[in-house]
Amino acid sequence: MEHFLDLDDIPNIDQLINEAINLKKAPYAFEQLGKHKTIGLLFFNSSLRTRLSTQKAAQNLGMKTMVLNVSSDSWGLEFEDGAVMNTNKAEHVREAAAVISQYVDIMAIRAFPTLCDKEKDEQEQVLKSFQKYASVPILNMESATGHPLQALADAITITELKQKQKPKVVLSWAPHPKALPHAVPNSFAKMMQRLDVDFVITHPKGYELNPEVTKDIPITYDQEKALKDADFVYVKNWSSYKNYGEVESIDEKWMMNSAKLGNAKFMHCLPVRRNVIVTDEVLNSNQSVVIEQANNRTYAAQVVLKNILESL
Amino acid sequence: MEHFLDLDDIPNIDQLINEAINLKKAPYAFEQLGKHKTIGLLFFNSSLRTRLSTQKAAQNLGMKTMVLNVSSDSWGLEFEDGAVMNTNKAEHVREAAAVISQYVDIMAIRAFPTLCDKEKDEQEQVLKSFQKYASVPILNMESATGHPLQALADAITITELKQKQKPKVVLSWAPHPKALPHAVPNSFAKMMQRLDVDFVITHPKGYELNPEVTKDIPITYDQEKALKDADFVYVKNWSSYKNYGEVESIDEKWMMNSAKLGNAKFMHCLPVRRNVIVTDEVLNSNQSVVIEQANNRTYAAQVVLKNILESL
Amino acid sequence: MEHFLDLDDIPNIDQLINEAINLKKAPYAFEQLGKHKTIGLLFFNSSLRTRLSTQKAAQNLGMKTMVLNVSSDSWGLEFEDGAVMNTNKAEHVREAAAVISQYVDIMAIRAFPTLCDKEKDEQEQVLKSFQKYASVPILNMESATGHPLQALADAITITELKQKQKPKVVLSWAPHPKALPHAVPNSFAKMMQRLDVDFVITHPKGYELNPEVTKDIPITYDQEKALKDADFVYVKNWSSYKNYGEVESIDEKWMMNSAKLGNAKFMHCLPVRRNVIVTDEVLNSNQSVVIEQANNRTYAAQVVLKNILESL
Numbered sequence: 001m002e003h004f005l006d007l008d009d010i011p012n013i014d015q016l017i018n019e020a021i022n023l024k025k026a027p028y029a030f031e032q033l034g035k036h037k038t039i040g041l042l043f044f045n046s047s048l049r050t051r052l053s054t055q056k057a058a059q060n061l062g063m064k065t066m067v068l069n070v071s072s073d074s075w076g077l078e079f080e081d082g083a084v085m086n087t088n089k090a091e092h093v094r095e096a097a098a099v100i101s102q103y104v105d106i107m108a109i110r111a112f113p114t115l116c117d118k119e120k121d122e123q124e125q126v127l128k129s130f131q132k133y134a135s136v137p138i139l140n141m142e143s144a145t146g147h148p149l150q151a152l153a154d155a156i157t158i159t160e161l162k163q164k165q166k167p168k169v170v171l172s173w174a175p176h177p178k179a180l181p182h183a184v185p186n187s188f189a190k191m192m193q194r195l196d197v198d199f200v201i202t203h204p205k206g207y208e209l210n211p212e213v214t215k216d217i218p219i220t221y222d223q224e225k226a227l228k229d230a231d232f233v234y235v236k237n238w239s240s241y242k243n244y245g246e247v248e249s250i251d252e253k254w255m256m257n258s259a260k261l262g263n264a265k266f267m268h269c270l271p272v273r274r275n276v277i278v279t280d281e282v283l284n285s286n287q288s289v290v291i292e293q294a295n296n297r298t299y300a301a302q303v304v305l306k307n308i309l310e311s312l
Numbered sequence: 001m002e003h004f005l006d007l008d009d010i011p012n013i014d015q016l017i018n019e020a021i022n023l024k025k026a027p028y029a030f031e032q033l034g035k036h037k038t039i040g041l042l043f044f045n046s047s048l049r050t051r052l053s054t055q056k057a058a059q060n061l062g063m064k065t066m067v068l069n070v071s072s073d074s075w076g077l078e079f080e081d082g083a084v085m086n087t088n089k090a091e092h093v094r095e096a097a098a099v100i101s102q103y104v105d106i107m108a109i110r111a112f113p114t115l116c117d118k119e120k121d122e123q124e125q126v127l128k129s130f131q132k133y134a135s136v137p138i139l140n141m142e143s144a145t146g147h148p149l150q151a152l153a154d155a156i157t158i159t160e161l162k163q164k165q166k167p168k169v170v171l172s173w174a175p176h177p178k179a180l181p182h183a184v185p186n187s188f189a190k191m192m193q194r195l196d197v198d199f200v201i202t203h204p205k206g207y208e209l210n211p212e213v214t215k216d217i218p219i220t221y222d223q224e225k226a227l228k229d230a231d232f233v234y235v236k237n238w239s240s241y242k243n244y245g246e247v248e249s250i251d252e253k254w255m256m257n258s259a260k261l262g263n264a265k266f267m268h269c270l271p272v273r274r275n276v277i278v279t280d281e282v283l284n285s286n287q288s289v290v291i292e293q294a295n296n297r298t299y300a301a302q303v304v305l306k307n308i309l310e311s312l
Numbered sequence: 001m002e003h004f005l006d007l008d009d010i011p012n013i014d015q016l017i018n019e020a021i022n023l024k025k026a027p028y029a030f031e032q033l034g035k036h037k038t039i040g041l042l043f044f045n046s047s048l049r050t051r052l053s054t055q056k057a058a059q060n061l062g063m064k065t066m067v068l069n070v071s072s073d074s075w076g077l078e079f080e081d082g083a084v085m086n087t088n089k090a091e092h093v094r095e096a097a098a099v100i101s102q103y104v105d106i107m108a109i110r111a112f113p114t115l116c117d118k119e120k121d122e123q124e125q126v127l128k129s130f131q132k133y134a135s136v137p138i139l140n141m142e143s144a145t146g147h148p149l150q151a152l153a154d155a156i157t158i159t160e161l162k163q164k165q166k167p168k169v170v171l172s173w174a175p176h177p178k179a180l181p182h183a184v185p186n187s188f189a190k191m192m193q194r195l196d197v198d199f200v201i202t203h204p205k206g207y208e209l210n211p212e213v214t215k216d217i218p219i220t221y222d223q224e225k226a227l228k229d230a231d232f233v234y235v236k237n238w239s240s241y242k243n244y245g246e247v248e249s250i251d252e253k254w255m256m257n258s259a260k261l262g263n264a265k266f267m268h269c270l271p272v273r274r275n276v277i278v279t280d281e282v283l284n285s286n287q288s289v290v291i292e293q294a295n296n297r298t299y300a301a302q303v304v305l306k307n308i309l310e311s312l
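Residue numbers (full-length UniProt numbering), protein chains in the order written: chain B, 1 to 312; chain S, 1 to 312; chain Z, 1 to 312.
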């Protein structure tokens with residue numbers, strides 16, 4: 001694996017999931033692999049799970065870690081080609097990416113979307129600029145349009161917990177007070193298209209995701225119908241894609257609860273707003289697998305780092 | 001030792017102090033103990049000594065360290081049960097504590113009091129919430145009402161430096177421009193009740209500490225009388241406990257100086273405001289042991305981590 | 001090497017450069033040297049290259065690293081002797097330096113100048129205060145008046161790339177929207193006085209550097225004349241030294257471009273403002289060696305740390 005920018009960088013998803021499950025059983029089995037290797041974690045945004053699980057994954061493989069909170073630790077970065085840099089941005093990504101490449105063996109980047117400039121977000125300006133100018137592999141720790149490490153952790157979780165060969169998986173929109181990115185639902189939808197699952201998306205009218213992502217996934221505005229006989233229900237808010245970054249409605253009826261959930265497992269990428277996205281009752285029940293999803297973030301990151309290290 | 005939340009978690013104080021003094025002589029004697037173990041340090045507040053000495057202690061034991069500045073690196077945390085989370089707090093401590101438990105083997109937490117809400121502070125809402133929802137041992141790096149690692153370092157310092165079997169120790173209030181917590185004086189007072197010392201507290205009227213902490217410790221408003229024949233004088237500001245969090249007075253007469261100190265050793269947990277809490281003359285003299293107290297923070301943390309690791 | 005505060009701490013510059021070039025070929029050759037040794041990196045200001053390259057250098061030598069963003073992680077520091085500390089500064093450097101010395105084996109400090117108070121800046125109040133009160137070696141990661149690690153990296157770069165025994169090196173001032181420190185040009189000018197180079201400085205009238213630094217280095221206001229037959233051109237902005245910290249002019253004519261550069265190598269310490277300091281054309285060409293300069297920051301730091309460790 002050369003880079004891990006998107007799920008397309010995974011050639012064989014079933015094999016990678018099995019490899020991750022094996023790493024979970026023996027986390028230190030490859031701790032010689034990362035000897036004298038360093039990962040640099042660059043954060044343009046807040047992070048809890050990603051920050052800690054990626055460090056943990058790297059350390060399990062024997063790597064050194066260096067964390068950079070780009071905005072507060074370092075310099076404002078310019079991403080436009082040809083810019084006359086007389087504003088508050090002191091360094092261009094061309095130099096930053098090339099320079100950091102010399103201090104680390106793998107560069108991990110978290111950069112959320114603007115949710116204002118659809119074109120820039122869809123071009124993945126930050127992630128792709130680093131990829132373009134770096135000379136080391138890039139690991140996507142959530143970008144403008146995707147969160148592939150989360151989707152990989154979700155796939156591991158479903159694989160571990162499924163009770164039938166082809167479970168029914170539902171992605172159900174939920175209300176939220178703020179405008180949120182599409183990265184998690186995008187990557188989850190893409191991942192479900194690669195697993196042997198019966199997958200459906202449900203959301204209020206106006207919350208259609210990018211059709212290039214959802215392709216021919218069944219979409220319904222009828223949450224009740226979508227949830228029928230579900231085995232896994234992934235609940236997540238996202239803002240409008242059409243009216244880019246807008247909060248169209250915060251209809252509380254879409255909040256998940258025990259009655260709607262039935263016997264399904266409840267999934268969420270976290271952080272989750274209790275009693276807005278989902279009731280306490282669901283989160284506190286045995287049906288919630290959110291903590292296990294977060295646990296699998298370590299092994300998702302570790303299996304990806306292992307594959308990148310093996311290709312160096 | 002399962003957790004280290006309070007001094008009550010120390011079954012045998014003399015034994016722990018001796019073990020710490022032995023670690024100080026041979027800091028790397030147990031560096032195999034922490035192999036493949038990680039400590040996560042969560043800071044809700046500023047820290048210099050605690051931040052560095054706890055990392056150092058963990059590294060001396062062969063542990064990996066991960067530091068999280070909760071507010072700036074991560075998400076605003078909700079601590080109320082049943083909250084409808086539609087404000088600026090994106091994650092509940094129930095999830096945060098359970099998730100982080102999967103990335104670390106020991107979780108260390110610094111969370112100062114509100115100094116506004118006495119009930120929440122006395123309930124140790126932050127620390128106890130993490131303990132409740134975490135599945136790994138919790139290390140208190142200063143909480144709303146206690147700073148047991150500081151008190152342990154103080155006890156090590158007194159044990160190392162005392163010239164007589166039962167020294168006289170005085171805790172003397174000092175003026176300060178801001179309202180400060182009770183954590184340090186609380187833990188010091190509790191610790192002194194467990195050592196073989198002659199202990200007295202002196203402060204202006206109105207600055208009585210929580211009587212459940214001070215119990216039958218002699219308290220006097222007469223600083224001169226308290227300081228007579230003292231061997232160790234611990235000087236510290238704290239705000240009013242009765243008029244919770246209020247600054248009742250900042251009477252400069254209570255500042256410590258060489259004349260008042262006599263031949264006693266001067267102690268303070270640091271940071272210390274020079275010429276407000278104590279004169280330059282005292283701090284620059286050989287009677288000041290504040291630097292040695294800070295040095296012992298490493299071995300206080302290390303002995304506690306060692307005991308927790310041994311119980312895993 | 002006891003401390004590394006300034007270039008004067010290097011007894012034999014050619015020997016150190018050669019040692020650095022050897023470390024670059026075998027970065028892990030001395031990884032036993034730093035065993036059980038810790039470096040503390042204290043940042044009062046932003047940093048990218050210094051932050052990462054110094055950590056990397058320390059890790060290459062087997063050291064542990066601890067990073068402290070002084071202002072945000074810790075307490076406001078007081079540097080004045082005799083201060084009555086009733087303002088917003090909670091800790092004096094006397095305590096901070098002495099305390100941190102107990103947790104680390106080497107203390108690295110970045111502290112930019114005020115650019116307001118020439119006297120304090122020239123006294124190197126922050127760096128020298130830490131040196132005065134610390135009990136461990138101090139590493140200058142850029143101070144008010146000098147950036148010796150950068151100059152050492154620059155000297156390594158020139159030594160590696162020079163095509164003739166005594167190359168012509170030009171330091172050429174460039175426009176910039178903000179007032180910048182003199183640390184980089186000062187250290188570069190000092191370093192060039194110690195290398196076997198033909199060195200000249202060019203800048204607009206009013207931008208004379210401290211004459212105690214430039215001594216008898218030829219200075220000309222005629223950029224074209226200075227650049228004639230240059231082998232290396234180091235471009236850098238600095239604010240006025242005479243009208244201390246003032247931006248006298250931002251004459252765009254002084255921006256470097258390909259025509260002016262001729263066949264010389266282009267050097268800059270980074271971060272660099274594209275199309276303000278220098279054109280894209282130059283930076284994107286093979287004549288730019290700024291990325292290699294940044295790469296050599298690792299080996300500059302590593303050779304200095306190696307020499308300090310060997311003297312412990």
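Yeah, the Cβ is synthetic: ideal placement off N, Cα and C, and Gly gets one too.
| Check | Outcome |
| --- | --- |
| Distance, PHE199 of chain B Cα to residue 358 of chain B Cα | With chain B running from 1 to 312 in the structure shown, residue 358 of chain B is simply not present. |
| Three-state class that DSSP yields for ILE109 of chain Z in the structure shown | strand |
| GLY82 of chain B burial status per 10 Å Cβ neighbour count (16 or more: buried) | exposed |
| Proximity winner among B:ALA264, B:VAL282 and B:ASN263, relative to VAL272 of chain B (alpha-carbon distances) | B:VAL282 |
| CB of GLY146 of chain Z within 8 Å of CB of ASN186 of chain Z, strictly | yes |
| Whole-number beta carbon distance between SER249 of chain B and PRO177 of chain B, since they are thought to touch under 8 Å | Actually they are not in contact, since the Cβ atoms of PRO177 of chain B and SER249 of chain B sit about 12 Å apart, beyond 8 Å. |
| LYS24 of chain Z (DSSP reduced to helix, strand or coil) | helix |
| Touching by the beta-carbon criterion (3+ pairs, under 8 Å), the region 16-27 of chain Z and the region 44-51 of chain Z | no |
| Residue environment, CYS116 of chain B, which counts as buried when at least 16 other CB atoms sit within 10 Å | exposed |
| Cβ-based contacts, 7 Å cut-off: residues of the region 261-281 of chain Z near chain B | LEU270, PRO271, VAL272, ARG273, ARG274, ASN275, VAL276 and ASP280 |
| Near the ligand COA: GLU124 of chain B beta-carbon under 7 Å from a heavy atom | For the ligand COA, the structure offers nothing, since it holds no ligand at all. |
| Proximity test, Cβ basis, 8 Å: GLN59 of chain S and chain Z | yes |
| Among B:LEU127, B:SER53 and B:GLN59, nearest to ALA96 of chain S - alpha-carbon criterion | B:SER53 |
| Beta-carbon proximity check, ASN295 of chain Z vs GLN102 of chain B, cutoff 8 Å | yes |
| Pairwise C-alpha distance: LEU77 of chain S and VAL170 of chain B | 28 Å |
| LEU152 of chain S: first and last residue of the uninterrupted alpha helix (DSSP H) it sits in | 148-161 |
| is_contact[LYS166 of chain B, chain Z] using C-beta, thresh 8 Å | no |
| Test: THR298 of chain Z CB closer than 8 Å to a CB of chain B | yes |
| Members of the region 49-81 of chain S near chain Z, C-beta cut-off 9 Å | ARG49, ARG51, LEU52, SER53, GLN55, LYS56, GLN59, ASN60, THR65, VAL67, ASN69 and SER72 |
| Anticipated Cβ contact below 8 Å, HIS92 of chain Z with ARG274 of chain S, distance rounded | 5 Å |
| Reference LEU23 of chain B; option with closest CA among B:GLU80, B:LYS306 and B:PRO167 | B:LYS306 |
| Whole-number beta carbon distance between ARG194 of chain Z and GLU142 of chain Z, since they are thought to touch under 8 Å | The pair is not a contact, with the Cβ atoms about 19 Å apart (cut-off 8 Å). |
| Buried/exposed call for LYS262 of chain Z, threshold 16 Cβ in 10 Å | The amino acid occupying residue 262 of chain Z in the given sequence is Gly; Lys does not appear at that position. So GLY262 of chain Z ends up on the exposed side. |
| Strand pairing of TYR234 of chain S, partner residues [DSSP] | S:LEU171 and S:MET267 |
| Exposure of SER239 of chain S, with buried meaning 16 or more beta-carbon neighbours within 10 Å | buried |
| CB contact check: TYR234 of chain B to chain S, cutoff 8 Å | no |
| Any alpha helix (DSSP H) of 4 or more consecutive residues that is wholly inside the region 26-78 of chain S | 49-60 and 70-73 |
| Where SER101 of chain S falls: helix, strand or coil (DSSP) | coil |
| Any chain B beta carbon closer than 8 Å to ILE21 of chain Z | no |
| Separation of VAL99 of chain S from VAL84 of chain S, as counted between CA atoms | 21 Å |
| Contact between the region 155-170 of chain S and the region 228-246 of chain S (3+ Cβ pairs under 8 Å) | yes |
| Interface positions of the region 138-170 of chain S facing chain Z (Cβ-Cβ less than 9 Å), listed along the chain | none |
| Same chain, Cβ closer than 6 Å to LEU42 of chain B, five either side skipped, listed in chain order | LEU68, VAL70 and ILE109 |
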